[in-house]
Ligand code: FAD
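Numbering (UniProt numbering), first residue to last: 68 to 690.
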């Protein structure tokens with residue numbers, strides 16, 4: 068219960084405010100429109116909407132809701148109302164505010180909280196004010212204890228991998244004053260762009276500079292979706308998003324319900340990120356691969372590196388006080404190396420399947436029907452349509468016990484790229500795996516998404532893959548089968564959804580695909596074991612009930628999607644982020660099994676950065 072005095076403190080959050088498409092200025096407008104003020108007035112029961120000053124309100128979230136259960140698609144807003152400002156500007160509102168009561172789902176009283184900025188400002192605050200305690204549970208970065216005096220010697224940290232987790236760990240550590248060397252086997256975005264161009268146009272796969280390896284990690288040539296399941300409004304996610312804005316991302320990612328960047332926005336952003344790190348004194352070594360860890364008395368004391376661009380095993384050694392291992396889930400050589408050090412790696416559940424591609428127009432029509440014309444290749448009033456589907460196979464009711472011997476699996480769409488293209492994410496020419504990317508306008512005529520089924524240790528055992536790297540072998544098996552089915556030269560095996568459902572292959576021609584290195588009609592229904600194929604077939608039939616038209620002879624399945632998340636986890640201590648097997652090693656991000664996606668990897672890297680800084684007593688340093 069909120070008392071009278073409290074009502075005039077802080078702000079009120081108004082959520083679920085709906086504005087129809089014809090009255091809304093469109094997806095790119097993030098201000099307070101006349102139509103939105105009318106909706107606010109209705110919630111506040113304030114009689115004259117035009118008297119409400121737009122300056123007293125700020126939009127914190129704007130989404131487009133086109134779910135079928137709605138009579139008509141709407142823009143849905145969450146808005147913060149600054150009570151003091153409102154009363155200063157329109158004293159008459161006082162009476163209405165004193166009558167307000169929190170209502171579940173629409174009105175929420177919020178006291179003013181410390182609002183964190185981007186990571187640089189957080190670190191500066193920490194160093195200026197106090198010691199810091201980072202707690203993932205509370206999702207707050209708490210400041211406590213008094214400021215201490217400067218350390219005399221800068222600790223050395225090697226960060227391996229410049230994906231989101233490595234970059235954010237580097238940023239935090241460099242801001243705290245560590246002597247950081249960022250080691251990346253791939254190339255800087257400029258050269259990486261040329262290498263990817265050579266792959267797509269001339270079929271030249273650079274083993275160390277491709278869609279998975281290089282500056283920015285796996286997420287650079289991606290859709291750049293910034294949606295996350297770890298709490299959109301948590302201070303850590305906001306700190307990451309604000310940092311991206313600081314480096315050049317458009318501000319609307321802070322408000323958009325489904326923020327995304329696209330490759331064209333990510334590349335310059337990464338360049339700015341790099342310049343900032345270099346300005347802080349970070350040494351960045353591109354084209355440099357970590358091959359081994361230097362271990363003394365159970366602690367990591369450095370790394371062994373080689374020149375990956377020219378494939379020279381120079382065995383140079385770099386000594387350091389801590390190693391942050393942020394290598395992503397495609398660094399299979401690193402997993403092997405960790406096993407050789409007797410490190411504890413735990414196989415974990417992940418998902419495999421196929422990437423489905425539809426004409427974007429078909430998905431717009433399914434999702435928006437009459438409104439589909441408003442999309443206009445990403446430049447229209449409403450966003451390009453996407454979808455998200457999930458089904459449990461062997462019973463949708465997760466509370467019902469299963470009969471003995473059966474496994475409940477989920478089959479779901481993953482990493483959906485509206486207006487995008489299918490790309491090759493193999494890191495070895497004898498394997499094929501695919502994923503999706505897009506540019507910021509999402510203007511291509513294709514919509515693709517992975518359709519994947521969960522797999523776990525029992526499934527690896529069934530193919531005689533055992534031990535900590537069983538999941539990696541499982542992935543590799545299907546990537547090799549896909550390469551064989553495609554016939555080589557990075558040609559991807561495909562099958563129409565209609566044929567896949569009927570376990571047949573009709574004719575040799577298939578509908579066009581956005582994949583640029585060629586596709587070949589193939590029996591994808593024979594690629595996976597029957598429990599995966601049947602799970603996919605059953606779910607596709609169920610997805611079609613939710614999205615009528617999803618099953619179409621124009622929908623093409625591409626094989627295979629295997630690297631949905633890491634097949635292993637590298638155990639680490641919850642508070643210190645240090646490996647449980649090896650002191651001085653900090654496994655982070657997706658490759659270590661602690662993140663899935665750009666934002667969660669960045670958040671994990673950020674927390675790891677704070678944890679390492681704390682361990683190395685960096686909070687005592689001065690700027
Ligand atoms: P990574 O980004 O994989 O970075 C690891 C880095 O370590 C790489 O740059 C690699 O070169 C380097 N490295 C590996 N081994 C070594 C070594 N031995 N020595 C030195 N360096 C090494 N996620 C989203 O949230 N939204 C999306 O839209 C999205 N789209 C995607 C599209 C594609 C095509 C792909 C491949 C992935 C996509 N993802 C997306 C997933 C996302 O990219 C990853 O979840 C995220 O990048 C993981 O971050 P990370 O830092 O843990 O690892």
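We put the beta carbon where it would ideally sit given N, CA and C, even for glycine. The structure presented is a predicted model; accordingly, all values stated were derived computationally and were not measured.
Measure the Cβ-Cβ separation of residue 305 and residue 316 and say whether it is below 7 Å.
-> no
Going along the chain, which unbroken runs of the beta strand (DSSP E) with 3 or more residues stay wholly within the stretch 88–176?
-> 124–132, 141–149
Can you pull the DSSP bridge partners for residue 505?
-> 487
Rounded to whole angstroms, what's the CA-CA distance from residue 193 to residue 237? Just pull it up for me.
-> 16 Å
Is it the case that the CB of residue 407 approaches a heavy atom of the ligand PLP more closely than 6 Å?
-> Ligands displayed in this structure: the ligand FAD; the ligand PLP is not among them.
Beta-carbon spacing of residue 666, residue 293 below 7 Å | yes
What are the partner residues of residue 458, as DSSP defines its beta bridges?
-> 478
Using the C-alpha atoms, what's the distance from residue 289 back to residue 596?
-> 29 Å
Which residues in the same chain as residue 364 place their Cβ atom closer than 7 Å to its Cβ, once the five residues preceding and following it in sequence are excluded?
-> none
Per DSSP, residue 356 is paired with what?
-> 373
Take residue 297 and list the residues in its own chain whose beta-carbon comes closer than 7 Å to its own, dropping the five residues that flank it on each side.
-> 304, 667, 670
Any idea which residues DSSP pairs residue 292 with across the strands?
-> 327
Secondary structure, alpha helix (DSSP H): runs of 4+ residues fully inside the stretch 515–584 | 524–529, 537–553, 564–568
Under the three-state DSSP convention, the category residue 661 falls into = coil
Got a sec, what are the start and stop residues for the beta strand (DSSP E) residue 435 sits in?
-> Here residue 435 belongs to no beta strand (DSSP E); instead the alpha helix (DSSP H) covers 427–435.
Chain-order list of residues whose beta-carbon lies under 6 Å from that of residue 161 (same chain, five-residue window excluded) = 154
On the three-pair Cβ rule with 8 Å, is the stretch 431–451 touching the stretch 508–519?
-> yes
Do the stretch 247–257 and the stretch 224–234 meet, that is, are 3 or more Cβ pairs less than 8 Å apart?
-> yes
Can you tell me the Cα-Cα spacing of residue 96 and residue 352, whole angstroms?
-> 41 Å
Residues bridged to residue 250 [DSSP beta-bridge criterion] | 227, 352
To which residues of the same chain is residue 100 closer than 6 Å at the C-beta, ignoring the five residues directly before and after it?
-> 92
How about residue 517 and residue 425: are their beta carbons less than 7 Å apart?
-> no
Who are the Cβ neighbours of residue 139 in its own chain at under 7 Å, not counting the five residues just before and after it?
-> 87
Can you find a heavy atom of the ligand FAD that lies under 6 Å from the Cβ of residue 657?
-> yes
Are there 16 or more other CB atoms within 10 angstroms of the CB of residue 277, so buried, or fewer, so exposed?
-> buried
Just to check, is the beta-carbon of residue 410 closer than 6 Å to a non-hydrogen atom of the ligand FAD?
-> no
First and last residue of the alpha helix (DSSP H) that includes residue 598?
-> 597–613
Examine the Cβ distances between the stretch 580–591 and the stretch 616–636 and report whether three or more of them are shorter than 8 Å.
-> yes
Candidates 572, 147, 263, of which the one nearest residue 78 by Cα = 147
Is DSSP giving residue 273 helix, strand or coil here?
-> coil
Spatial distance of residue 653 from residue 402 (CA atoms) | 14 Å
Where residue 205 falls: helix, strand or coil (DSSP) = Caution applies to residue 205, whose pLDDT of 46 falls short of 50 and renders its modelled position unreliable; the value that the coordinates give is listed next. Here residue 205 sits in coil by DSSP.
Helix, strand or coil: how does DSSP classify residue 390 here?
-> strand
Under 6 Å from any heavy atom of the ligand FAD, does the C-beta of residue 253 make it?
-> yes
Of all the CB atoms in chain D, is at least one closer than 7 Å to the CB of residue 399?
-> Given the protein chain composition of this structure (a single chain), no chain D is represented.
With respect to the beta strand (DSSP E) encompassing residue 591, which residues constitute its N-terminal and C-terminal limits?
-> Run containing residue 591: none; DSSP gives neither H nor E here.
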